[in-house]
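Enquirer:
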Amino acid sequence: MSASTISPSELEEMRRRGRPVDLIDVRTPVEYREVHAEPARLVPLDALDPADVMNTRNGAKEEPLYVICRSGGRGRRACERFLAAGYSSVVNVEGGTLAWEQAGLPVVRGAKAISLERQVRIAAGALVALGTALGTFFHLSFLALPAFVGAGLVFAGITDTCGMGMALARMPWNRGQAEEATCLR
């Protein structure tokens with residue numbers, strides 16, 4: 038079973054008409070602080086507890102819970118967690134915050150940060166370059182490092198699950214301040 042989706046403009050139109058909209062953003066605290074949809078509250082994917090979210094909702098429990106991320110992938114995974122936990126009234130926002138912003142809808146801007154996607158590209162590229170240089174100049178066994186990174190990228194592409202992204206999301210620079218993450222729930 039997969040979660041239903043809604044476009045950012047449809048969601049904003051519902052909000053303008055006065056319909057209650059409970060929107061959670063499942064990105065990292067740093068990504069959220071940089072820019073987020075105005076009505077969104079932060080619930081990072083790596084700390085997502087579907088039961089806790091549903092028990093502390095701002096609206097009626099029978100109303101849909103809308104989920105947004107950067108471009109839709111993490112939002113879909115969050116929706117899958119809710120569905121697996123038995124909560125069927127979850128809706129993923131198509132295209133995520135990027136689509137929300139492109140539609141000209143209200144956003145809150147804060148301090149600039151390097152997106153998690155860019156961090157993965159930087160880390161993967163650095164590991165491939167390092168492994169290749171070490172393999173070329175010191176010992177061929179170092180070529181296992183770029184091979185491992187390449188295999189990880191293929192796995193991430195096939196499964197839409199990025200281990201490096203999940204690890205980077207837990208790094209201190211992506212966590213933000215602890216009190217910031219908990220007060221936004």
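Take the sequence shown: its letters are residues 38 to 222, numbered as in this note's numbering.
Here a beta-carbon is modelled for each residue, glycine too, at the ideal position from N, C-alpha and C.
These figures come from a predicted structure and were not determined experimentally.
When the Cα of S126 is compared with those of G133, V104, Q139, which residue comes out closest?
Expert: Nearest C-alpha to S126: V104.
Enquirer: Using a Cβ-Cβ cutoff of less than 7 Å, which residues in the same chain neighbour M51 once the five nearest sequence positions on both sides are dropped?
Expert: Only V58 meet the Cβ criterion.
Enquirer: Identify the continuous beta strand (DSSP E) that holds T42 and give its terminal residues.
Expert: First-last of the beta strand (DSSP E) with T42: 41–43.
Enquirer: Helix, strand or coil for A84? Go by DSSP, reduced to three states.
Expert: Here A84 sits in helix by DSSP.
Enquirer: What's the gap between the Cα of P2 and the Cα of N129?
Expert: There is no way to answer for residue 2, as the model of the chain reaches only from 38 to 222.
Enquirer: Span of the alpha helix (DSSP H) holding R207?
Expert: Counting along the chain, R207 falls outside any alpha helix (DSSP H), and DSSP gives it neither H nor E.
Enquirer: Give the DSSP-derived three-state secondary structure of I151 in the structure shown.
Expert: If DSSP states are grouped into helix, strand and coil, I151 belongs with coil.
Enquirer: Go ahead and label D86 buried or exposed: buried means 16 or more other beta carbons lie within 10 angstroms of its beta carbon, across all protein chains shown.
Expert: Classification for D86: exposed.
Enquirer: Under the assumption that W137 contacts A206 (Cβ atoms under 8 Å), give the Cβ distance between them as a whole number of angstroms.
Expert: Wrong, their Cβ atoms sit about 21 Å apart, outside the cutoff.
Enquirer: Of all the beta strand (DSSP E) runs that stay within the bounds of the stretch 52–131, which reach a length of 3 or more residues?
Expert: Correct list: 59–62, 72–74, 77–79, 102–105, 127–130.
Enquirer: Hey, would you say R40 sits closer than 8 Å to I61, going by beta carbons?
Expert: For the sequence presented, residue 40 should be read as Ala rather than Arg. In this structure, I61 does not lie closer than 8 Å to A40 by Cβ.
Enquirer: Taking the C-alpha atoms as reference points, what is the distance between A218 and G112?
Expert: At A218, the pLDDT of 40 sits below 50, so the modelled position is not reliable and the matter cannot be decided from this model.
Enquirer: Going by DSSP, name the residue or residues bridged to V191.
Expert: For V191, which the question treats as bridged, DSSP gives no partner whatsoever.
Enquirer: Below 8 Å on the Cβ atoms is my guess for A148 versus E71; work out the distance and round it to an integer in Å.
Expert: With 8 Å as the limit, A148 and E71 qualify as a contact, their Cβ atoms being about 6 Å apart.
Enquirer: On a CA-only basis, which of F119, E49, G132 is nearest P92? Give me that one, please.
Expert: A quick correction: the sequence has Asn, not Pro, at residue 92. Considering only alpha carbons, the answer is F119.
Enquirer: Report yes if the C-beta distance between G202 and V157 is below 8 Å; otherwise report no.
Expert: Yes, the pair counts as a contact, with Cβ atoms nearer than the cut-off.
Enquirer: For T134, is the classification buried or exposed, using 16 other Cβ atoms within 10 angstroms of its Cβ as the cut-off for buried?
Expert: T134 should be labelled buried.
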